[in-house]
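Below you'll find the structure, written out as C-alpha cells, and then a few comments.
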Amino acid sequence: MVAFPDLRLRRLRGTETVRSLVRETRLAPADFAYPLFVTHGRDVRRPIEPMPGCHQFSLDLLLPEVTEVAGLGIPAVLLFGIPEEKDPLGSGAYAEHGIVQEAVRVIKQAVPQLWVITDVCLCEYTDHGHCGVLEGDGVDNDRTLALLARTALSQVQAGADMVAPSAMMDGQVKAIREALDREGFLGTPIMAYAAKYASAFYGPFRVAAESSPRFGDRRGYQMDPANVRMALREVALDIQEGADIVMVKPALAYLDVIARVKERFNHPVAAYNVSGEYAMVKAAAANGWLDEQRATLEVLTAIKRAGADFILTYHAKEAARWLRGEE
Ligand code: PBG
293 MVAFPDLRLR
303 RLRGTETVRS
313 LVRETRLAPA
323 DFAYPLFVTH
333 GRDVRRPIEP
343 MPGCHQFSLD
353 LLLPEVTEVA
363 GLGIPAVLLF
373 GIPEEKDPLG
383 SGAYAEHGIV
393 QEAVRVIKQA
403 VPQLWVITDV
413 CLCEYTDHGH
423 CGVLEGDGVD
433 NDRTLALLAR
443 TALSQVQAGA
453 DMVAPSAMMD
463 GQVKAIREAL
473 DREGFLGTPI
483 MAYAAKYASA
493 FYGPFRVAAE
503 SSPRFGDRRG
513 YQMDPANVRM
523 ALREVALDIQ
533 EGADIVMVKP
543 ALAYLDVIAR
553 VKERFNHPVA
563 AYNVSGEYAM
573 VKAAAANGWL
583 DEQRATLEVL
593 TAIKRAGADF
603 ILTYHAKEAA
613 RWLRGEE
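Using this note's numbering, the first residue of the sequence shown is number 293, and each one after it goes up by one.
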C-alpha cells in the first residue's frame, strides 16, 4: 500500500487548474428551481423581511421577475400563492381563477420555456393555517385528499408543468395521480415532498406565505426530525403511488437523508434548501460574519454532493449570477 511520504494528497490541490480537473461536484444555474410568492393586488413587490432579497409579487409585476429568472439560465420556478381571503376549506387553493392558477397563466403565456411547478397544499388558503381540513383539533387525512387532488388538477388545467404535493397527507400522491389521469393529464409529472420534516427552518416561509397554523403545529403530519428509516418508507410509498421525482426537505440539516434516498432509489432526487437555511446565511452575511458568496456556494455544493439532482433554493438568482461570473 502506498502511504505517506510516497503518497501526498496535496499534489492535487496546488492550483485552481488541477483542483478543477479533479472536482467531483459542479454547480450550474440549471441545478436550481426558484420559489416565488404571488399575491393579490396591483403594483405589489413587497419585501419579505426574514428573507432578504425575496418578495411577494402581484401578477402584474411577476413578469419582469420570471423573465430575469429565465435569463439567468434557471430552468424552473415553484409557485406559492397568498389568496385575498382564507376559509376553513382552503377554497382559494382550487379556485379556477385562484392566485396561483392566474400566475401560471401569466408565466406560461410570456415565458413558455420556464418550467412551472406548483406547490399543492392548503395551508396558505385555510383560515386556521393547517395543511388540510380540520376534524376537531386534528387534520382529517382522507377528506383532505379530494381537495388536494382538486387543487393539483386546477393548477395543471391552468398550465402548470408539474405539481408538488407538500401537505404530508397519506395517499396524496395517489389521489393526485388518479385525478390528473382521469382528466387526461397523463404526461404531467408529480414531484412529491416525500420526506418533509416538521422543521423550525420553515419559520421565515410562514411569514412569506402568511401560513402559520393558528393553533398547534404540524407534527401530526410532517416527519419527526429524528427519523431517517421513516423517510425511506415515505419515499418508497410515494414512488409506489406514482411520484416521478422525490424531494427531501429541508436540505442542509438532512444531508444524510438525501444521501440515503439517492443510494436506495433510482428516482430523481430534489432537495429544498428552505427559508430558514437561507435566512441564516443572509443574517450572518449582513453582520459581516460570513463571506456570503462562498458560504452560499458551499451550502449548495454540499446539497448536490449529498445526492440532490436539483435544488429548490431562494439563492438561485444570486448563485446563478456568481456561477456565470457576473458580479
Ligand atoms: C407548505 C409548504 C411549506 C414550505 C413549503 N411548502 C411550509 C410548511 O410546511 O410549513 C416551506 C418552505 C420553506 O421554508 O422555504 N406546506
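We put the beta carbon where it would ideally sit given N, CA and C, even for glycine. Only a predicted model underlies this, so the values are computations on that prediction, with no experimental measurement involved.
Quick one: what's residue i bridged to in DSSP?
i: R338; result: Q348
i: L328; result: L371
i: N565; result: T605
i: I409; result: L370 and M454
i: T309; result: In the DSSP output, where bridge partners are listed per residue, T309 has none listed.
i: G430; result: E427
i: K386; result: With the sequence shown as reference, residue 386 is identified as Tyr, and Lys is not the correct amino acid for it. DSSP, once it has assigned bridges, lists no residue as partnering Y386.
i: M515; result: Y489
i: T418; result: D379
Go to residue i, then tell me how far its alpha helix (DSSP H) extends in each direction, as first and last residue.
i: D434; result: N433 to Q449
i: M522; result: R521 to E533
i: I366; result: No alpha helix (DSSP H) contains I366, which DSSP labels as neither H nor E.
i: K378; result: That residue, K378, is in no alpha helix (DSSP H); it is neither H nor E in DSSP.
i: A594; result: E584 to A598
i: I482; result: From DSSP, I482 is part of no alpha helix (DSSP H); its letter is neither H nor E.
i: V499; result: G495 to A500
i: V398; result: I391 to A402
i: A471; result: Q464 to R474
i: D548; result: L547 to R556
Note down, in chain order, each residue of its chain lying with its Cβ closer than 8 Å to the Cβ of residue i, except the 5 sequence neighbours on either side.
i: H420; result: P380, L426, P505, R506 and F507
i: E618; result: none
i: D509; result: A490
i: V252; result: Residue numbering for the chain in the displayed model covers 293 to 619; residue 252 lies beyond these limits and cannot be assessed.
If you drop the 5 nearest sequence neighbours on each side, which residues of the same chain put their C-beta closer than 6 Å to that of residue i?
i: V310; result: L304
i: H422; result: V431 and P505
How many angstroms separate the CA atom of residue i from the CA atom of residue j?
i: A598; j: N519; result: 18 Å
i: A600; j: I374; result: 29 Å
i: V538; j: I531; result: 8 Å
i: S458; j: L299; result: 49 Å
i: A500; j: D536; result: 28 Å
i: V553; j: E569; result: 21 Å
i: I391; j: V361; result: 20 Å
i: R397; j: G306; result: 51 Å
i: L589; j: E470; result: 39 Å
i: D335; j: A611; result: 27 Å
i: N558; j: L478; result: 21 Å
i: A385; j: V314; result: 47 Å
i: D432; j: D583; result: 46 Å
i: K378; j: E416; result: 8 Å
i: L439; j: V465; result: 12 Å
i: A587; j: D434; result: 42 Å
i: I340; j: Q348; result: 7 Å
i: S567; j: A528; result: 26 Å
i: R613; j: T593; result: 15 Å
i: F602; j: L544; result: 14 Å
i: P367; j: T418; result: 30 Å
i: V549; j: I482; result: 20 Å
Could you pull the start and end residues of the beta strand (DSSP E) that residue i belongs to?
i: V540; result: I537 to K541
When the cut-off is 8 Å and only beta carbons count, does residue i lie next to chain B?
i: P457; result: Among the chains of the structure shown, chain B does not appear; only one protein chain is present.
For the ligand FMN, is there a heavy atom less than 7 Å away from the beta-carbon of residue i?
i: D411; result: Ligands in the displayed structure: the ligand PBG; the ligand FMN is not one of them.
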